[in-house]
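Numbering (UniProt numbering), first residue to last: 1 to 514. Built from N, CA and C at the ideal position, the CB exists for glycine as well. None of the values given here were measured: they were computed from a predicted structure. Comments concern the structure below.
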């Protein structure tokens, strides 16, 4: 299968237009001026919708264990020790706040992992549920091709999608899709709605709903809606913002997503009649996966929309705007950005991926330069003063020094203790991280034990980690797994941002600043 790219990356002219509009989203613009500028802007947004066909290498910028497609059913996933959940970016659903993944999908996948472990017991003890965020147009292709196992992305069951994938039992029904316009040009009747230009992602269920609405309009001898296809990397909130600013006429959104955005953009109004009613939301599953489907069905039926768990999440992220207020605060801006230059500098010097160092620092201290452990470890990388002294460092409260010291120590562990020729670079790094937490001699003892027990001593996941869990407890296993998850997520975000380029309305405070 081939994938189509629609990136407008690398266009400084587009970026100039885009900045101009986003910085003035709150202003009223003369209609003639708006039309001229909007025409130029939209030429760049939609000009490459058919794009260029490229041979896929979907996840080659992530950990090696995710680069190969995996098939099979639940038993294969248990054997691998991982279920991969594909999701998409979106404020309220999957975003970052001060370096922490947040949103309904984050909480839902954590709940899913706990549910599986309760349901399956010992055979799922070390199972990891790993979230892989991608643009929405990649969700179904990646699932079909084996680059993910389940989709958690607020998917509506549609005829078009059922031709490609299976769905779990619905966890929400009676879902309505609403047509959104600005209050100053809101249509009151179907006749007034006719001929409106509406902006959509082609892969969305909204697109199917608008096609059906157009058939209704034509049947009433009215003009159909003009559909403008938007870049798939844009999210619902991006389009709502443009409607609120008067830059585009209309878009579509699920009813349950709208209230929080109307608190920020009160000029948004919904057409009286939904363009889809009685929609059903479910989790996407690859076909021919009956065991996994049965498990996900149980989960969907256990945690239904309207139940306590869903009500808490909906109130927190879809009804209250407190989390948006937090994002707008300077205090919660992503601290990763503050230290990015040093992660990059020392990553290059010691041959580590800088995003790996960032994930490592997040696990150690949540990027807190003032953090201090009970054992006396200090700062972002949680370096012991005695270790720093041996390496020639002092003043560990200085972030630059601390990141340098921690990176050098991690490199020393890798190069001194895990330099076997049979170790690949991925596992060398994994073992070094485990040793940073539990000590290098202890980890190498576990590797020797693994060989004697028929496990692979050169592979951490599902091999040496089994003995680590049994002999030194869950702390180190959880520690490495958390770094792994955080790295995968951040790596995917950077990949998506690079593709989205100047189209990006990133999940940071800037997206809601007016």
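- Judged by DSSP in its simplified three-state form, residue 280 adopts strand.
- Listed in chain order, the alpha helix (DSSP H) elements of length 4 or more contained wholly in the stretch 170-242 are 190-193, 205-219.
- For secondary structure counted as the beta strand (DSSP E) over 3 or more consecutive residues, the stretch 66-137 holds these complete runs in sequence order: 82-87, 95-97, 100-102, 128-133.
- In the DSSP annotation of this structure, residue 416 is not part of any beta strand (DSSP E); the continuous alpha helix (DSSP H) holding it starts and ends at 399-417.
- Where residue 158 is concerned, there is no enclosing beta strand (DSSP E), because DSSP gives it neither an H nor an E.
- Taken in chain order, the whole alpha helix (DSSP H) runs of length 4 or more contained in the stretch 453-489 are 465-471.
- Of all alpha-carbon atoms in 274, 237, 246, 252, the one lying nearest the alpha-carbon of residue 200 is that of 252.
- Here residue 121 is exposed, its C-beta having fewer than 16 other C-beta atoms within 10 Å.
- A contact between stretches requires three or more CB pairs, one per stretch, nearer than 8 Å, and the stretch 71-81 fails this requirement with the stretch 451-460.
- Counting only the Cα atoms, residue 287 lies some 5 Å from residue 165.
- A Cβ-Cβ separation of about 7 Å places residue 127 in contact with residue 82 under the 8 Å criterion.
- When C-beta atoms of the stretch 171-184 are compared with those of the stretch 269-278, three or more pairs fall below 8 Å, so the two segments count as touching.
- DSSP lists 180 as the beta-bridge partner residues of residue 251.
- Distance from the CA atom of residue 130 to the CA atom of residue 193, rounded to whole angstroms, is 43 Å.
- Annotation for residue 377: 383, 384 place their beta carbon closer than 7 Å to its own, counting only its chain and skipping 5 residues before and after.
- Judged by DSSP in its simplified three-state form, residue 396 adopts coil rather than helix or strand.
- In the DSSP annotation of this structure, residue 357 is not part of any beta strand (DSSP E); the continuous alpha helix (DSSP H) holding it starts and ends at 354-365.
- Here residue 108 is buried. Its C-beta has 16 or more other C-beta atoms within 10 Å.
- Residues 111, 303 of the same chain have their beta carbon placed closer than 8 Å to that of residue 309, with the five preceding and five following residues left out of the count.
- Here residue 284 is near residue 143, since their CB atoms are less than 8 Å apart.
- Using a Cβ distance threshold of 8 Å, residue 88 and residue 136 count as a contacting pair.
- For residue 270, the beta-bridge partners assigned by DSSP are 180.
- Distance check between residue 270 and each of 249, 282, 95 places 249 closest, using alpha-carbon atoms only.
- DSSP links residue 150 through a beta bridge to 85, 285.
- With a cut-off of 8 Å on Cβ pairs, the stretch 401-408 is in contact with the stretch 341-356, counting three or more such pairs.
- When C-beta atoms of the stretch 200-219 are compared with those of the stretch 180-188, fewer than three pairs fall below 8 Å, so the two segments do not count as touching.
- Cβ neighbours of residue 218 within its own chain (closer than 8 Å, five residues either side excluded): 224.
- Under the 8 Å Cβ criterion, the stretch 473-490 counts as touching the stretch 356-371, having at least three qualifying pairs.
- Look at residue 378 here: in three-state DSSP terms it is strand.
- With contacts defined as CB atoms closer than 8 Å, residue 141 and residue 94 fail to qualify as a contacting pair.
- Counted as a single uninterrupted DSSP element, the stretch harbouring residue 303 is not any alpha helix (DSSP H), since DSSP gives it neither H nor E.
- Judged by their CB atoms, residue 444 and residue 417 are nearer to each other than the 8 Å cut-off.
- Between residue 281 and residue 243, the C-beta spacing is not below 8 Å.
- Nearest to residue 158 by C-alpha distance, out of 379, 246, 203, is 203.
- Across the structure, residue 156 and residue 279 are spaced so that their CA atoms are roughly 6 Å apart.
- For residue 306, the closest of 230, 366, 172 by C-alpha to C-alpha distance is 172.
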